[in-house]
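Numbering (this note's numbering), first residue to last: 110 to 1088. Even glycine gets a Cβ: it sits at the ideal position worked out from N, Cα and C. None of these values were measured; they are calculated from a predicted model. Structure first, then comments.
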Amino acid sequence: MGDRAAREPLLSAAEKTARLCHSAAFRIADAPAAESLARDLARITADHPFLAVGDAHDAGDLGGAAPRLWAEDVPGAAAGPLARRRRTAELHRPLAPGRAPLRAVLLRYADGAADLVLVAHRSRVGRASLGPLARSILTGAGLAVPPGGPHADLEELAGAVRDLRGDTPAWSDGHPGGAGHGVLRFPVPAPPDVPPADLHAVLVAAAGLVLARYAGTDRALVGTALSAAADGAVCAETLTVVPADAEAGTTIGRYLSGVRDRLAHGVPWEPSGDPALPDVLSARAGVLVARRDEDAYVPHLAPLYPLTLVVDLLPDGRVLGECHHRFGRDTAARFVRHTLHVAGRLLTGAPSSSLGEVELLDEAEKRRVARLGRPRHTVDAPAVCVHDALAARAAAHPDRVAVLGDGGSLTYRELDARAGRIAAGLRRRGVTTGARVGVCLDPSPDLIATMLGILRSGAAYVPLHPSYPAERITAILHDSDAALLVAMTERTVEEKAGDAAGDRARDVPVLTVEDLIAEGGDAPAGPVRVTPDDAAYVIYTSGSTGRPKGVKVPHRNVAALVAATERDFGLSPEDVWSFFHSPAFDFSVWEIWGCLLTGGRLVVVPYLVARSPASFHELLRRTGVTVLSQTPSALTHLIDHDHARPEPLAVRLVILGGEALDPRILLRWFDRHPEEECRVVNMYGITETTVHVTAQTVTRWDALTGSRSVGPPIPGWHVYVMDEAGRLLPPGVPGEIWVGGAGVADGYLNLPAVTAERFAADPFTGGRMYRSGDRGRLLPDGRLEHLGRLDDQVKLRGYRIEPEEIRAALLAVPAVTAAAVVLRRGPDSDSARLDAYVVAGDAAASGQDVRRRVARVLPDYMVPASVTVVAALPLTANGKLDVDRLAEVSTAAPAPVTPPAPVNGDVEEAVLAAWTAVLRTPVGPDDNFFDLGGNSLTAIRLLTVMAEHGLAELPPREIYLNPTVRGLAAVLRRQARPA
110 MGDRAAREPL LSAAEKTARL CHSAAFRIAD APAAESLARD LARITADHPF
160 LAVGDAHDAG DLGGAAPRLW AEDVPGAAAG PLARRRRTAE LHRPLAPGRA
210 PLRAVLLRYA DGAADLVLVA HRSRVGRASL GPLARSILTG AGLAVPPGGP
260 HADLEELAGA VRDLRGDTPA WSDGHPGGAG HGVLRFPVPA PPDVPPADLH
310 AVLVAAAGLV LARYAGTDRA LVGTALSAAA DGAVCAETLT VVPADAEAGT
360 TIGRYLSGVR DRLAHGVPWE PSGDPALPDV LSARAGVLVA RRDEDAYVPH
410 LAPLYPLTLV VDLLPDGRVL GECHHRFGRD TAARFVRHTL HVAGRLLTGA
460 PSSSLGEVEL LDEAEKRRVA RLGRPRHTVD APAVCVHDAL AARAAAHPDR
510 VAVLGDGGSL TYRELDARAG RIAAGLRRRG VTTGARVGVC LDPSPDLIAT
560 MLGILRSGAA YVPLHPSYPA ERITAILHDS DAALLVAMTE RTVEEKAGDA
610 AGDRARDVPV LTVEDLIAEG GDAPAGPVRV TPDDAAYVIY TSGSTGRPKG
660 VKVPHRNVAA LVAATERDFG LSPEDVWSFF HSPAFDFSVW EIWGCLLTGG
710 RLVVVPYLVA RSPASFHELL RRTGVTVLSQ TPSALTHLID HDHARPEPLA
760 VRLVILGGEA LDPRILLRWF DRHPEEECRV VNMYGITETT VHVTAQTVTR
810 WDALTGSRSV GPPIPGWHVY VMDEAGRLLP PGVPGEIWVG GAGVADGYLN
860 LPAVTAERFA ADPFTGGRMY RSGDRGRLLP DGRLEHLGRL DDQVKLRGYR
910 IEPEEIRAAL LAVPAVTAAA VVLRRGPDSD SARLDAYVVA GDAAASGQDV
960 RRRVARVLPD YMVPASVTVV AALPLTANGK LDVDRLAEVS TAAPAPVTPP
1010 APVNGDVEEA VLAAWTAVLR TPVGPDDNFF DLGGNSLTAI RLLTVMAEHG
1060 LAELPPREIY LNPTVRGLAA VLRRQARPA
């Protein structure tokens, strides 16, 4: 907290004074003589100098001449509008810095009534003392002052105000600070026999519990103003902060007892403070409770706390409240509603009851919030199997091209027939309904036919990427109990595996597509009973224990996904889709079946083309792709090449998914593809919920403002945001995202305990829901904001740090086009450090320059220890950021791996110059490109730079086959020779 205070500008003297002032108005039936009141005020301030001048404790905030009485005649009756305006203006006019800590104004009205308005500094006159001070001025009676005087330490108070400024909390819908603030008035349903001190304690406890739940912590801070004055005495108020320890395991009685104890002793807040306190909450609340002794009261002339509850105990027994707030009205209303609900539970609950049983929401609000997380529209999703839906498409337009690949194309009739023969071959091999079949094929029309054939045989397909290590392939085949594996050759697994893996792999028969077609013959496969509840595929995701988890997804989920999006996205047989992603990545489920079940044409993107933005762009242009699905990381590279190509693309719909989107990357896309011509949709989703959950159409405005919204749920899906105890959280409050509805998978294969942990009964619909592990919040309009992973947060030297905040600061540097942040852990905690990696659009940018820029906006503990400029951020096979590979970049040799050797001719020299420019490290002619930190994306960048150096164009595969400067130069020389 000390670091933050040092970095933030101190409050101005005027702001300090305004926040520490309060005011009251006292109605007088018959206006007294101003001269008499002025003499009484002068006598009182002479007898009690603390009301007149500042002293050494005021740091210049107070001082000046003794206060005087200001009198003004107001034309009009006391109940008239002019009188109300003048009284309100005086109540809200703060003391001027450097002036006395008290101001008195007499407003005399035409009907003979008057108002005495007192404005006082809390360090001299607390709220309970305003009434006695007014009576002393009006009656000439003596003024009681407790022993020791009324003074409070203004250094401490100024520190408290500075620290209580706060940041905008994640649960607010506005911004604290600023000149304006709002006031929300409400009745307080308190029992009439509750003493003021008890009501004060209960409200402080309730506000603390609400704030703790909002922030997802066990401790919250509630500010209050305490006074030790006896009845009728004038005493200062001390600003204090009450830590409310709201652990779920404690009881109501113990919680209330702890709050009362803290209130009784008063814990003044200091800037340095208890180290356990500063890291708790980004906003504070204040609770002030007193009996009303005045006609009108203003608790602060500028908001002292971001949220302040002021409770008045009226003479007739009613209890009224005001919430003074520096947030939006909706946030304030929610805070009041939840605080009053919790206060009622604390007052009526058994002292032995668990605090964890006290919920923020009553039953009616729970139902409203549950409805908020449901889609705005519904669709009737057909209960159909994927292969049956595709057969219907084939019957409707058999001669339309279904799949287009490098090796040719298949019409819907040909695809259906080829899948039928594959299914027959599988059946003859003993594959039955409920079985699982592995698929390890390169992207091609045959891959699609094989997946479809497996479904027609009654089995589920288990996709495996051909680049997977043999150990992973073997582990997945055994875990899934695969009946067989369809691969490029019968020796695919054995060739990739070593000795042990090869032996285990031989347990699973390996067949090629041609083998299955030959075994199936010309006769179509006989009918097989498959229901929409049977599994369509099992996709494996990484597990926290190191063991991959197989997610089992039924046919009905896939059909529901297509039905949920078909109308909104305008999907039709006229569309041409790209099949860009690995079939082992669930984004491919959307690409393949979203296209084919709506009658579109699927363009298979070859592996090397997918890794060359230039080649991919050309493929999109040549094939007329209209529906493009990409991860944000992959789209960033495509945008670079799109700007360099004059040829327009036919893309009308871009679907983004797979990772969090920074919408600012889309500004350049919108420059070439206006919103009215190309719709961009950001979709949040999870493998366990069938690819997609929500959909947000991204506009240029979203890109400019950096919106984090991922939109409302798609029809049939719904979302809840809950705390760690599974309690529903209100809109605006961050928590864990749970997903229910039509997309929830059947669970994890062979992992019943993990399935039970992550999949649960939906208490609102009677269905099932999935616990995502993602952090988010529902907005009041039903859209979801994705706030990252719950486990993304890191801790460094005792500070909690969100890497996304550092990344945002890096991206704000004009030269930076992409960024990633990694926490490096050494042998002990002291050696842990943050390292940042950036891609710079400006070749002259250096890591040191970028680091200096972010050091200007981040606290020192958040500034990365190093900023490394890289040619590109490495991606996994699924197009996501490859964190493991990224961490290796800084351990790549800073100098050539081999001793420097002379280059051989101009070609070698030009290649060497290109390598040095891309890798930004010294390079030797025999160094391996990948040993120096190269990867698939920097390989693409290298080819571009080589062309800029006047070298002939090469296909990307040449870098993999000849990964040295000398090797590539030899290839170029061979190409240059005449045939």
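The criterion of a C-beta distance shorter than 8 Å is not satisfied by Ala854 and Ile823.
Looking at the backbone, the Cα of Leu318 and that of Ile563 are separated by about 54 Å. The segment 158 to 227 is shown to contain whole beta strand (DSSP E) runs of 3 or more residues at 178 to 183, 211 to 218, in chain order.
For His752, the uninterrupted alpha helix (DSSP H) run begins and ends at 741 to 753, by DSSP.
Ile795 sits in coil when the DSSP states are folded into three classes, being neither helix nor strand. Each of Arg1082, Ala1019, Asp1035 was checked against the Cα of Leu1051, and the nearest Cα belongs to Ala1019.
Shown here for Val467: same chain residues with a beta carbon closer than 8 Å to its own, the five before and five after excluded, namely Leu318, Ile361, Val451, Arg454, Leu455, Gly458 in chain order. Within 10 angstroms of the beta-carbon of Leu705 lie 16 or more other beta-carbons, which makes it buried.
With distances taken between CA atoms, Thr874 lies nearest to Val848 out of Gly856, Met597, Ala952, Val848. Only residues of its own chain outside the window of five on either side were considered, and among them Val802, Thr803, Val819, Leu893, His895 have a CB closer than 7 Å to the CB of Tyr793, listed in chain order. Contact between Pro176 and Leu211 holds, since their C-beta atoms are separated by about 5 Å, short of 8 Å.
Of the candidates Leu711, Pro839, Tyr649, the residue whose Cα lies closest to the Cα of Gly514 is Leu711.
The beta carbons of Val639 and Arg545 sit about 14 Å from each other, so the pair does not count as a contact at 8 Å. The residues Asp327, Ser463, Leu464, Gly465, Ala834, in chain order, have a CB closer than 8 Å to that of Ala357 in the same chain once the five nearest residues on each side in sequence are set aside. Rounded to whole angstroms, the gap between the alpha carbons of Trp699 and His433 is 49 Å. Around the beta carbon of Pro301, fewer than 16 other beta carbons sit within 10 angstroms, so the residue counts as exposed.
Excluding five sequence positions before and after Arg527, the CB atoms of its chain that fall closer than 6 Å to its own CB belong to Ala558, given in chain order. Ala213 places its beta carbon less than 8 Å from that of Ile246. DSSP places Gly458 outside any alpha helix (DSSP H), giving it a letter other than H or E. Here Ile764 carries a strand assignment [DSSP, helix/strand/coil]. In the DSSP annotation of this structure, the continuous segment of the alpha helix (DSSP H) that includes His726 starts and ends at 722 to 732.
Less than 8 Å separates the beta-carbon of Arg522 from that of Pro507.
Going by C-alpha positions, Ala321 is about 32 Å away from Ala405. Three or more Cβ pairs drawn from the segment 836 to 846 and the segment 472 to 486 lie within less than 8 Å of each other, which places the two stretches in contact. Under the DSSP definition of a beta bridge, Gln805 partners with Asn791. Closest in alpha carbon position to Ala929, among Arg788, Leu762, Val992, Pro889, is Val992. Per the DSSP secondary-structure output, Leu899 pairs with nothing in a beta bridge. In this structure, DSSP gives Leu429 an extended state, which the three-state scheme calls strand. Counting only residues of its own chain and dropping the five nearest sequence neighbours on each side, Pro657 has a CB closer than 8 Å to the CB of Arg581, Ala584, Ile585, Asp588, Tyr649, Thr650, Ser651. The residue from Tyr218, His726, Ala243 with its alpha-carbon nearest to that of Asp182 is Tyr218. Annotated three-state conformation of Glu756 is coil, per DSSP. Secondary-structure assignment with DSSP links Leu984 through a beta bridge to Leu990. Gly1076 sits in a helix when the DSSP states are folded into three classes. Counting C-beta atoms within 10 angstroms of its own C-beta, Glu786 has fewer than 16 neighbours from the protein chains shown and is therefore classed as exposed. According to DSSP, Trp826 shares a beta bridge with Gly850. According to the DSSP secondary-structure assignment, Leu893 is paired through a beta bridge with Gly820, Leu887.
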